[in-house]
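Residue numbers (our numbering), protein chains in the order written: chain V, 1 to 335; chain B, 1001 to 1335; chain X, 2001 to 2339; chain Z, 3001 to 3339.
The beta-carbon is built from N, C-alpha and C at its ideal position, and this holds for glycine as well.
These numbers were taken from a predicted model, which means no experiment stands behind them.
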Amino acid sequence: MVENQKNIPFAFRHFTPEALRRALRKMHLIRLFEEGAEESYMRGLIHGTMHLSIGQEASAVASCMELTDADKITSTHRGHGHCIAKGADVGRMFAEFFGKETGYCHGRGGSMHIADVKTGNLGANGIVGGGLPIAVGAALTARRLGRDDVTVCFFGDGANNEGAFHEALNMAAIWKLPVIFVCENNRYGMSTPATYATAVKNIADRAVAYAMPGITVDGNDFSAVAEAMHTAVARARAGEGPSLIESLTYRWRGHSKSDRNRYRSKDEIEDWMSRDPIMRFRTDLIAHGVLDAAGAEAIEAEAKAAVAAGIDFARESPSPAITDVTKFVHAEAAA
Amino acid sequence: MVENQKNIPFAFRHFTPEALRRALRKMHLIRLFEEGAEESYMRGLIHGTMHLSIGQEASAVASCMELTDADKITSTHRGHGHCIAKGADVGRMFAEFFGKETGYCHGRGGSMHIADVKTGNLGANGIVGGGLPIAVGAALTARRLGRDDVTVCFFGDGANNEGAFHEALNMAAIWKLPVIFVCENNRYGMSTPATYATAVKNIADRAVAYAMPGITVDGNDFSAVAEAMHTAVARARAGEGPSLIESLTYRWRGHSKSDRNRYRSKDEIEDWMSRDPIMRFRTDLIAHGVLDAAGAEAIEAEAKAAVAAGIDFARESPSPAITDVTKFVHAEAAA
Amino acid sequence: MNAQTLFPEVQQREMSFAEAIRDAMAIALERDPTVILMGEDIGVYGGAFQVTGDLIERFGADRVIDTPISELGGAGVAVGAALTGLKPIFEFQFSDFAALAMEQIVNQAAKLRYMLGGEAAVPVVFRMPSGSGTGAAAQHSQSFEAWFGHVPGLKVVQPSTPADAKGLLLAALEDPDPVIIFEHKLLYKMKGPVPLGHYTTPIGKAAVVREGSAVTIVASAIMVHRALEAAAELAKEGIEAEVIDLRSVRPIDRATIIASVRKTGKLVCVYEGVRTLGVGAEISALIAESEAFDYLDAPIQRLGGAEAPIPYNPDLERAAVPQTPDILSVVRRLVRGEV
Amino acid sequence: MNAQTLFPEVQQREMSFAEAIRDAMAIALERDPTVILMGEDIGVYGGAFQVTGDLIERFGADRVIDTPISELGGAGVAVGAALTGLKPIFEFQFSDFAALAMEQIVNQAAKLRYMLGGEAAVPVVFRMPSGSGTGAAAQHSQSFEAWFGHVPGLKVVQPSTPADAKGLLLAALEDPDPVIIFEHKLLYKMKGPVPLGHYTTPIGKAAVVREGSAVTIVASAIMVHRALEAAAELAKEGIEAEVIDLRSVRPIDRATIIASVRKTGKLVCVYEGVRTLGVGAEISALIAESEAFDYLDAPIQRLGGAEAPIPYNPDLERAAVPQTPDILSVVRRLVRGEV
Ligand SMILES: Cc1ncc(C[n+]2csc(CCOP(=O)(O)OP(=O)(O)O)c2C)c(N)n1
Ligand SMILES: Cc1ncc(C[n+]2csc(CCOP(=O)(O)OP(=O)(O)O)c2C)c(N)n1
Ligand SMILES: [Mg+2]
Ligand SMILES: [Mg+2]
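Set out below in structure tokens:
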């Protein structure tokens, strides 16, 4: 029995079937949200640029499995997945992309600044590495206020070469703060391969420089990410300090809308696409009897409907008043 | 014979007696220079603040043993020792401290900016960590121009927590540039113990994060530093890339002139003072027959005379014209 | 001694500028458990300029937090803490090192409330020892207030007296948005009467520190004292200068400056930052576009820092920023119609 | 189309702003083996705005160097390289990210020659894609020219045409000191005639791009085009505006601006950076203190960016910076004596 248990991947031992089904739903929601955003962009409904996380869904969702609303995350320019994983409403997200008053940022932030501070999402960030010290500050607040919440700090392989990475990890370590650094290594920072830009093979090896645990996991393996996170979150909640998790994954789309993919081969992209993390998780769920094919289809269909409803909500929402350019610069004076 | 050789420390096998005597002279010169600067400061001849390197002489001199004028160094706010080790004239250094036109910076820079670009000293730096990326740039120049010079980048234990450290070491490593990072770990960044501020025990262990060799040596052991440098310089000249050397040492004086030493004990200071790196080297030189006691005295006396002459030169030198405030902001227009 | 912050009926004590700031921090730490101090060597060392002093002994290392030498990260930790419920006061050892943290101050702290559509707040205070005169040369003597004054989302103040140093810091802590406080290093030892207990000096209000009718001198930080010195001298010559202590760079107190220039018809701006694109440029421009324009009877004069880094040599260093004789000579020429 | 940089006798070709910059870099790489390019994704990707394009193919990865995402370190490497004999052109992917590198640009590059008493030089060029209008929101749309314009030791230019973009970059490379070039992102695709081969456009010289007698409009970067558009419209109404392309923020061309205002008696400054403490403040102040003051017959008008971060919503984004109708209305009111 114990032997048997060991052969079952962590996620299927640890989470309830209900939780696993919710995870699958979130992964589908992320994928469909990104596709919906892409299509809206093509149709001219969205302004600016966007960074899609298609292909990285398992990493985002597995990382947030054990977080409550009191726990915080800091995210990146490629943050839609994290946002949904932490519980955001896709309607308000689309509304933000459409620049509407009903958006998470009332149309002021757009894709790169979506946040929901009240439920612990401290926001995407337009600055690579910008969220790293902020996450440490959030963890400091938890410590100071005697709360046991943890902060999960997402960042990319490219961000790991920013000075902010070094300063943030060092401070988190010396103060033993409850923060988990999750590096989503999707092999490129824009066009620049991690193997070129980063002196060390595994980014998790840099944990040694901060005397914190570091682990590299297959970021497309839901259970592997969830297991590493479980250990790190428990450690953080117990006051034992930070961890660094490197989650190996891949983005299917270009870096942003203007990417011509000249730095990687079609073969490489197709190879990764053939190993879709959502289909992999779905297959595993079915294999472990968490749901059947029809159940999976229903979850996907339900996510599809939510995305469609979200886009409708966004389209129908009002735009901010043009005269409100300086609104929200400062707190409104108490009336 | 081979066995015997092995018992002889590196420096005494590797350097000529003449070179070793010059090294001793430089160490004395540094100590006496610092004492002269301190006294001049007390007597109101020097303005501002200064950071003395008394106690760290072996590290500075041993690090520069194998450098030519074509090789570069970048230094720090605690840079007098590096400057002398690289070959600066103490008269022009004093003149700079006295704010005189004959100083290395024509009185514009003072203690924190002494440089002599022509002989490869790219300068002290008032910004902790400021010299780290600059050193990498100097090494890039050598590579681009096909020269085999190396750059030695001095910095302190405090500086190793700056983001600039991380970015500089990473770039040096990925480009395999000829730079040697010498961290003079004197246990404190101002009042802050390295054991508090730095998450890892040995700063040299951070080399792992850049896939470069890292070594911790007794920085008060001339030969140990020289040996580590020899290996690193050879590696750099051979195009094999950077190294990180952590040189453990101690500053006898306070951080700067305003330090009340509240963060360390008298015992600790006295313990380190009882293990004076200059006396240690001098004793070793005598033990290995490089000179005798009288010869050592003569070297010290000669250094003393050079410092006295330097102070005289500085005192008698002219000050810059007050109307020249904006001179040197830009290159003079070609006449 | 700004009228706005002195309350004769309130008990007060003679304190140095540094002591007044420490007093404000102690009061804040006492009153509000979410207040923390962060910075390099602010603990046992007491701060590079001995401003935090013994606060670590009184409030412990949990609240008076020595950071590693990591300005970008340190400022970012303060931003993250402020975003999630603390009120950090972050000390840069010298304002020059804020150049390392512009990203967190300007791209994050200043913009988060706006980017997030009002759904977040970053009530952080950055303290910045600033200015020249200590012989520390080009990388330790800068005046960056114009940079921050250019950034929407920030508030920027420059106290010139101990009472204002305390009152503005306490006001900054009550402000729901990020506030930058420039503390001129040469003022730290200056003494003056400081009201005891908690009070605030409003951010965004200049102070008329001497009334006069012949010329308006708007000065900031240490220049206020030089302007007052010059005004006393000028009074002997029969020239009555009105001296305004700017106090707040962002928002700037247009009304007080405009009212004064309408009265005097002449304006001299005195500031230590580099002349070009410095605070005086804004003051000049706000007058030149205002209703006071019609009352101007002479060109607006700016006395700012030299177009050079701060030099080390002490005589050059003094020559690089406005001194009292410089103010005297520009006012005399202005009043005589020589400019 | 600035007179100063067009040589009718010289062969020229229609190029976009981005192509003109690339052409300048190619010429520099060709002529001078010490020139290198550095930046994020400037190699195979060709740069975020496709400015470096195919240069890596033509000059190799030794000279067109992709850096890791390390702005502070990257800028510092460029400074160190410049200090020791190379001439690096460093591209920030967006000027906003220069906030991470202020220490190396301002504390090091700008000051090294001075701090070292003239014994060193840092001939580095920093290219900064700048400004709003792309829907990239608050952290990717800033205009920082006022910050750098406030720093002695730097030169700061803002080309508005392809020909100037090329000529100013080549001039920057010949300059022995650090030069910052702001490239407005919305101009990259703008086309115009560009002389072939090597030439330089002098740094520090503004250009009168349209002559007129009723009002002087000093504009920078993309605002030059809006000002010209407004001037054409105003001409129909009988208002002849003189339009000056500022081109250089540091040093600023006082003589050209003063001469124009002496002639017109009215000044409008149009710039995209935040209004307060922006470039227009300096232009206004230099006129208010100059001999042109006596010729001014109306308050000086500043049209700058809103006192807000750049918003994401496209309508708000447009409303946050001056547009042609804003220029029209301010000039009309000025000419009618309504301000
Ligand atoms: C400080 C900073 N530098 C550069 C950029 C431009 N940029 C945006 S995303 C990106 C690549 C980031 O790579 P990585 O961290 O690996 O995240 P990924 O895009 O792969 O998810 C770059 C260079 C930026 N936004 N901020
Ligand atoms: C960026 C920056 N931060 C802070 C300082 C103030 N400061 C000067 S020296 C110093 C301590 C440096 O410690 P370390 O690197 O160990 O060198 P040491 O003084 O021990 O030689 C500090 C905090 C500075 N000059 N620059
Ligand atoms: Mg990546
Ligand atoms: Mg140290």
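When Cβ-Cβ separations below 8 Å define contact, residue 186 (chain V) makes no contact with chain X. Contact of residue 1078 (chain B) with chain Z is not assigned, every C-beta pair being separated by 8 Å or more. With 16 or more other CB atoms across the displayed protein chains lying within 10 angstroms of its CB, residue 96 (chain V) is buried. The Cβ atoms of residue 3049 (chain Z) and residue 3190 (chain Z) lie no closer than 8 Å to each other. From the listed residues B:1249, B:1103, B:1150, B:1109, the smallest Cα separation to residue 1268 (chain B) is found for B:1249. At least one heavy atom of ligand 3 is found less than 7 Å from the C-beta of residue 186 (chain V). Here residue 136 (chain V) really is in contact with residue 2077 (chain X); their C-beta atoms are around 5 Å apart, less than 8 Å. Using a C-beta cut-off of 8 Å, the region 2292-2309 of chain X makes no contact with the region 1087-1095 of chain B, since fewer than three inter-stretch Cβ pairs fall below that distance. Secondary structure at residue 3241 (chain Z): strand, using DSSP grouped into helix, strand and coil. In this structure, residue 3114 (chain Z) sits near residue 2138 (chain X), with a CB-CB distance shorter than 8 Å. Three or more Cβ pairs drawn from the region 167-176 of chain V and the region 204-221 of chain V lie within less than 8 Å of each other, which places the two stretches in contact. 3085, 3086, 3088, 3100: these are the residues of the region 3085-3101 of chain Z whose beta carbon lies less than 9 Å from some beta carbon of chain B, given in chain order.
Sequence-distant Cβ neighbours of residue 3074 (chain Z) in its own chain, meaning closer than 8 Å and more than five residues away, are 3038, 3039, 3040, 3067, 3068, 3090, 3101. The DSSP-derived three-state label of residue 3260 (chain Z) is helix.
Near chain X, meaning a CB-to-CB distance below 9 Å, the residues of the region 1040-1065 of chain B are 1046, 1047, 1048, 1049.
It is roughly 8 Å from the alpha-carbon of residue 1073 (chain B) to the alpha-carbon of residue 1123 (chain B). Within the region 122-156 of chain V, the complete alpha helix (DSSP H) segments of 4 residues or longer fall at 131-144, listed in chain order. Boundaries cannot be given for residue 2138 (chain X), as no beta strand (DSSP E) includes it and DSSP labels it neither H nor E. As computed with DSSP, residue 3221 (chain Z) is found in no beta bridge at all.
In the three-state reduction of the DSSP assignment, residue 2161 (chain X) falls in the coil class, being assigned neither a helical nor a strand state. For residue 1229 (chain B) and residue 2203 (chain X), the gap between their C-alpha atoms comes out near 55 Å. Residue 203 (chain V) carries a helical assignment under DSSP once its states are collapsed to helix, strand and coil. Inter-residue distance for residue 2064 (chain X) and residue 2028 (chain X) is about 12 Å (C-alpha atoms, whole angstroms).
Here DSSP, grouped into helix, strand and coil, assigns residue 86 (chain V) to coil. Selection V:277, V:84, V:190 evaluated against residue 119 (chain V) yields V:84 as nearest (Cα-Cα). Only those residues of the region 3120-3139 of chain Z whose C-beta falls short of 9 Å from the nearest C-beta of chain V are listed: 3134, 3135, 3136, 3137, 3138, 3139. Taking one beta carbon from each stretch, the region 215-223 of chain V and the region 54-74 of chain V have 3 or more pairs nearer than 8 Å; the two touch.
Relative to the non-hydrogen atoms of ligand 4, the Cβ of residue 1157 (chain B) comes within a distance shorter than 7 Å of at least one. Annotated three-state conformation of residue 2155 (chain X) is strand, per DSSP.
Residue 1243 (chain B) carries a strand assignment under DSSP once its states are collapsed to helix, strand and coil. In the DSSP secondary-structure assignment, residue 1185 (chain B) is bridged to B:1248.
The Cβ-Cβ distance between residue 3152 (chain Z) and residue 1329 (chain B) falls below 8 Å.
Within the region 3050-3076 of chain Z, those residues whose Cβ lies closer than 9 Å to any Cβ of chain V are, in chain order, 3050, 3066, 3067, 3068, 3069, 3070, 3071, 3072, 3073.
An exposed status is given to residue 3329 (chain Z), since fewer than 16 other beta-carbon atoms sit within 10 Å of its beta-carbon. With distances taken between CA atoms, residue 3314 (chain Z) lies nearest to V:324 out of V:311, V:324, V:313. The beta carbons of residue 3119 (chain Z) and residue 1331 (chain B) sit no closer together than 8 Å.
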